[in-house]
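Colleague: My structure is below; once you've seen it, I'll send some questions.
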Amino acid sequence: MTDEKSLHISPAGVAFVKSKVRKGLLPIMLEDILNTRIMVKECMKFPSVDKNLRKILDNRQLGLKLIANVTYGYTSANFSGRMPCVEVADSIVHKGRETLERAIDYVNGTKKYGAEVIYGDTDSLFVLVRNKSKQDAFEIGKEIATEITKLNPFPVKLKFEKVYHPCVLQTKKRYVGYSYESEDQKEPVFDAKGIETVRRDTCEVVSKMLEKMIHVLFRSSGDLQAVKECLTKQFDKILSDRLPLSNFIFAKEYRGRKYYKQKASIPALKIIRENLRSDPRSEPHIHERVPYVILNGEPGCTLISCVNDPNALSSSHPHELNNLNYEYYIVKQIGPALNRILNILGADCLQWYREMSRNMHHLRTREEISVG
Numbered sequence: 020m021t022d023e024k025s026l027h028i029s030p031a032g033v034a035f036v037k038s039k040v041r042k043g044l045l046p047i048m049l050e051d052i053l054n055t056r057i058m059v060k061e062c063m064k065f066p067s068v069d070k071n072l073r074k075i076l077d078n079r080q081l082g083l084k085l086i087a088n089v090t091y092g093y094t095s096a097n098f099s100g101r102m103p104c105v106e107v108a109d110s111i112v113h114k115g116r117e118t119l120e121r122a123i124d125y126v127n128g129t130k131k132y133g134a135e136v137i138y139g140d141t142d143s144l145f146v147l148v149r150n151k152s153k154q155d156a157f158e159i160g161k162e163i164a165t166e167i168t169k170l171n172p173f174p175v176k177l178k179f180e181k182v183y184h185p186c187v188l189q190t191k192k193r194y195v196g197y198s199y200e201s202e203d204q205k206e207p208v209f210d211a212k213g214i215e216t217v218r219r220d221t222c223e224v225v226s227k228m229l230e231k232m233i234h235v236l237f238r239s240s241g242d243l244q245a246v247k248e249c250l251t252k253q254f255d256k257i258l259s260d261r262l263p264l265s266n267f268i269f270a271k272e273y274r275g276r277k278y279y280k281q282k283a284s285i286p287a288l289k290i291i292r293e294n295l296r297s298d299p300r301s302e303p304h305i306h307e308r309v310p311y312v313i314l315n316g317e318p319g320c321t322l323i324s325c326v327n328d329p330n331a332l333s334s335s336h337p338h339e340l341n342n343l344n345y346e347y348y349i350v351k352q353i354g355p356a357l358n359r360i361l362n363i364l365g366a367d368c369l370q371w372y373r374e375m376s377r378n379m380h381h382l383r384t385r386e387e388i389s390v391g
């Protein structure tokens with residue numbers, strides 16, 4: 020091939036023939052997958068789609084996205100892959116970075132928008148427009164998407180997706196906000212990515228309290244006093260045993276005996292070993308989730324010794340249902356999750372919890388003195 024007009028040189032220095040000469044197998048496959056994903060996402064916007072169907076469609080579009088993403092890994096797996104092609108993988112990485120940097124430079128360099136890219140990752144941009152209305156944000160966002168699309172060769176397209184108002188950006192791939200996908204949308208959608216409200220590696224009380232706190236924070240326009248009052252009430256409910264046991268159950272994935280070291284101190288593995296002693300047939304399937312809770316223990320005891328099976332508690336040891344280690348749940352699980360947002364605002368929910376605990380202690384002391 021000597022016709023330079025028929026070649027495309029990637030930023031990694033690899034030459035490809037253009038699609039007008041011959042379309043590659045991967046582009047054909049990926050184009051079909053990504054077009055299907057776009058159709059599924061458009062279906063999610065129909066007013067007639069209920070909550071359950073929207074969840075099903077969301078899982079489908081996510082599955083299509085993952086298939087497309089895995090294709091890159093398929094080309095770069097030069098050790099375990101069946102048909103690796105590192106030149107393709109390197110070109111994807113370099114071209115993606117080049118395209119993203121071009122978009123960031125355009126937004127930050129175009130003064131009329133008054134916008135700033137606060138987060139750019141792989142194929143997406145978070146653009147902050149200060150002192151603008153929601154309507155203004157939609158207009159600016161759509162114009163930015165149109166102009167950046169013009170800067171790139173077909174079929175590369177920057178799609179305007181949504182406006183977040185308000186929004187908290189914790190770190191890479193972790194954010195939450197009220198999202199609007201169209202100008203005429205009246206009620207926002209609670210949209211969270213990567214935080215404990217959507218993660219499966221924590222217990223229910225963490226995700227519920229975090230979501231409740233975020234709603235209060237957003238609806239009160241960042242009133243920390245309102246947030247403090249809300250969390251104080253929730254801490255009081257926990258400490259006074261007013262929440263069901265199900266809120267405090269962890270459920271971790273079992274990966275099979277061969278995955279763990281013989282002396283591994285893992286909560287889910289401890290439960291499995293104890294159950295196997297009484298019933299050798301009780302071993303869970305690989306990838307099955309194993310529930311456990313954390314109870315109070317003797318002073319100085321290890322955390323693993325406080326791990327218990329919630330099913331055993333509710334059946335044979337009902338008196339231990341009120342023996343949950345609330346200090347652990349609040350200080351080690353709830354507090355850190357909430358503070359990942361509150362610390363951005365200069366607040367600390369664990370400080371509020373300690374103040375509340377001191378006040379409760381002083382109140383009990385006065386009551387004991389008056390009774391005595």
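Residue numbers for the sequence shown follow our numbering, so the first one is 20 and each next one is one higher.
Glycine included, every Cβ here is placed at the ideal spot set by N, Cα and C.
In the structure shown, what three-state DSSP assignment does Val14 receive?
Modeller: An answer regarding residue 14 cannot be provided, because it is not within the stretch 20 to 391 covered by the chain.
Colleague: How many whole angstroms separate the CB atoms of Ile268 and Val312, which I take to be in contact at a CB cut-off of 8 Å?
Modeller: The pair is a contact, with the Cβ atoms about 6 Å apart (cut-off 8 Å).
Colleague: Would you kindly report the start and end of the unbroken beta strand (DSSP E) that includes Gly213?
Modeller: From DSSP, Gly213 is part of no beta strand (DSSP E); its letter is neither H nor E.
Colleague: Where does Ala31 fall in DSSP's three states?
Modeller: Of the three classes helix, strand and coil, the one that applies to Ala31 here is coil, per DSSP.
Colleague: Could you give the DSSP three-state label for Thr94: helix, strand or coil?
Modeller: Of the three classes helix, strand and coil, the one that applies to Thr94 here is helix, per DSSP.
Colleague: Taking 8 Å as the limit between beta carbons, can you name the residues of its chain near Asn71, skipping five residues before and five after?
Modeller: Around Asn71: no qualifying Cβ.
Colleague: According to the Cβ coordinates, are Asn266 and Leu314 closer than 8 Å?
Modeller: Taking 8 Å as the Cβ cut-off, Asn266 and Leu314 do not qualify as a contacting pair.
Colleague: In the DSSP assignment, what residue or residues form a beta bridge with Glu272?
Modeller: According to DSSP, Glu272 bridges with Arg308.
Colleague: Skipping 5 residues on each side, what residues in its chain have a beta carbon closer than 8 Å to that of Met48?
Modeller: Here the set comprises Thr90.
Colleague: Identify the continuous alpha helix (DSSP H) that holds Pro46 and give its terminal residues.
Modeller: Looking at the DSSP string, the run of the alpha helix (DSSP H) that includes Pro46 is Leu44 to Cys62.
Colleague: What does a CB cutoff of less than 8 Å around Pro263 pick up in its chain, not counting 5 residues either side in sequence?
Modeller: Once the five neighbours on either side are set aside, Pro263 has no close Cβ partner at all.
Colleague: How should Gly160 be labelled, buried or exposed, when 16 other C-beta atoms within 10 angstroms of its C-beta is the threshold for buried?
Modeller: By the neighbour-count rule (16 or more Cβ atoms within 10 Å), Gly160 is buried.
Colleague: Which same chain residues end up closer than 6 Å to Asn342 when comparing Cβ atoms and leaving out the 5 residues on each side of it in sequence?
Modeller: Closer than 6 Å at Cβ, skipping near neighbours: Leu314 and Asn315.
Colleague: Do Trp371 and Lys247 have their beta-carbon atoms positioned less than 8 Å apart in this structure?
Modeller: In this structure, Trp371 lies closer than 8 Å to Lys247 by Cβ.
Colleague: Roughly how many angstroms lie between the CA atoms of Lys24 and Val36, to the nearest whole one?
Modeller: C-alpha separation (whole angstroms): 9 Å.
Colleague: If the criterion is Cβ atoms closer than 8 Å, does the pair Ile360 and Val208 meet it?
Modeller: Against a cut-off of 8 Å, the Cβ pair of Val208 and Ile360 comes out as no contact.
Colleague: So what's Tyr279 in DSSP terms, helix, strand or just coil?
Modeller: Three-state result, Tyr279: coil.
Colleague: Going by beta-carbon coordinates alone, are Arg121 and Leu170 separated by less than 8 Å?
Modeller: Yes; because the gap between Cβ atoms is below 8 Å, this pair is in contact.
Colleague: Quick one: residues in its chain with C-beta nearer than 6 Å to the C-beta of Tyr132, no 5 flanking neighbours on either side, listed in chain order?
Modeller: For Tyr132, where only same-chain residues beyond five positions count, the Cβ hits under 6 Å are Ile159.
Colleague: Using the C-alpha atoms, what's the distance from Asn294 back to Ser29?
Modeller: About 57 Å.
Colleague: Indicate the three-state DSSP secondary structure (helix, strand or coil) for Leu264 in the structure shown.
Modeller: Three-state result, Leu264: helix.
Colleague: State the start and end residues of the unbroken alpha helix (DSSP H) segment that holds Gln154.
Modeller: Gln154 -> alpha helix (DSSP H) spans Lys153 to Leu170.
Colleague: In this structure, does DSSP put Thr251 in helix, strand or coil?
Modeller: Looking at Thr251 - three-state DSSP - the assignment turns out to be helix.
Colleague: If you follow the beta strand (DSSP E) that Tyr138 is in, where does it begin and where does it stop?
Modeller: Segment Ala134 to Asp140, the beta strand (DSSP E) holding Tyr138.
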